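For the sequence shown, position 17 matches number 611 in my numbering, and the numbering has no gaps at all. Every residue gets a Cβ at the ideal spot worked out from N, C-alpha and C, and that includes glycine. Remember, predicted model here, so these are calculated numbers, not experimental data. One structure is given below, encoded as structure tokens.
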Amino acid sequence: MRISTKIWIFLFLVCIPFTVKSQIKGVGLPFILNYERNEYKASTQNWSIAQSKRGFIYFGNNDGILEYDGTSWNIYTVPNSSIVRSLLAHGDTIFGGAFEQIGYLAPDHSGQMKWNSLNHLIPPQFSNFDEIWKIFHHEGSIIFQSFQYIFILKNNQLKVIEPLDRFSFMHSVGSDIYVVDRAQGLMLIDNDSIHLLNSDEIFLNNEITCML
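Right, dumping it as structure tokens:
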């Protein structure tokens, strides 16, 4: 075999692995875009995320509710300019919870998103409720959870549930909503009321961070 032929065979064999590697590398990789703070013009810290029926993405941000429509970014502040900890998208209505603020974003008569506060529905003795950490849609109601109280919104009326001690984080499992009262145990939300399920010490002495 001539030397030139040997060289061509050697180069062919050496190049095969690089060709195969370059072909495999891109297979199955998701299309990802990273957005920096100077693009979306809000805080670097986001606490929650929700997607509306029309496909817009909303983030609970330190500066308010951050909206991305696929092209541009908008920020909607809540009345006391506090951090928005929790979000829930119900159709094109975006419910939000912040420090002693509950309400929702919804299109006004001109189609522009506008914050609508629900604080006027809260009885005065429950107005100091601290942060709203979780929001769920359950049995036709919207449930807002802080460590101090649970607010259940239905038919434009607000019901308040108090713990014996304080609540932990609320969790949704299937069609059920659970929360821990640190003085009682594991509780179940049912028909706009709360029932004790289990008073084992594990619920009284630990923070339940996830339920499946």
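Asked	Found
Mind checking P673: buried by the 16 CB within 10 Å criterion, or exposed?	exposed
Please state if the CB of F693 and the CB of E576 are separated by a distance shorter than 8 Å.	This structure does not reach residue 576, given that the chain is present from 595 up to 806, and the question cannot be answered.
For P718, name the three-state secondary structure that DSSP assigns.	helix
Please report the Cβ distance between G654 and R679, rounded to the nearest whole angstrom; I am assuming they are in contact, meaning their Cβ atoms lie under 8 Å.	6 Å
M764 to K728, Cα distance in whole Å?	6 Å
Between the Cα of G779 and the Cα atoms of S666, N799 and V767, which residue gives the shortest distance?	N799
Would you call the CB atoms of L681 and A644 closer than 8 Å?	yes
Suppose you measure from the CA of F730 to the CA of G768; what does that come to, to the nearest Å?	12 Å
Among residues of its own chain, excluding the 5 on either side of V621, which ones have a beta-carbon nearer than 6 Å to its beta-carbon?	none
Give me the DSSP bridge partner(s) of N668.	E661
Mind checking L660: buried by the 16 CB within 10 Å criterion, or exposed?	buried
Roughly how many angstroms separate the alpha carbons of H714 and S704, rounded to a whole number?	24 Å
Would you mind reading off the limits of the alpha helix (DSSP H) that contains L798?	E795 to N799
Please list the terminal residues of the continuous beta strand (DSSP E) segment that includes N655.	I651 to N655
For T687, which beta-bridge partners are listed by DSSP?	H684
As a quick exercise: from Y662, I802 and A636, pick the residue whose alpha carbon is nearest that of R648.	Y662
Compute the Euclidean distance between the alpha carbons of G775 and T687, then round it to the nearest angstrom.	The sequence shown places Asp at residue 775, rather than the Gly named in the question. Their backbone Cα atoms lie some 30 Å apart in a straight line.
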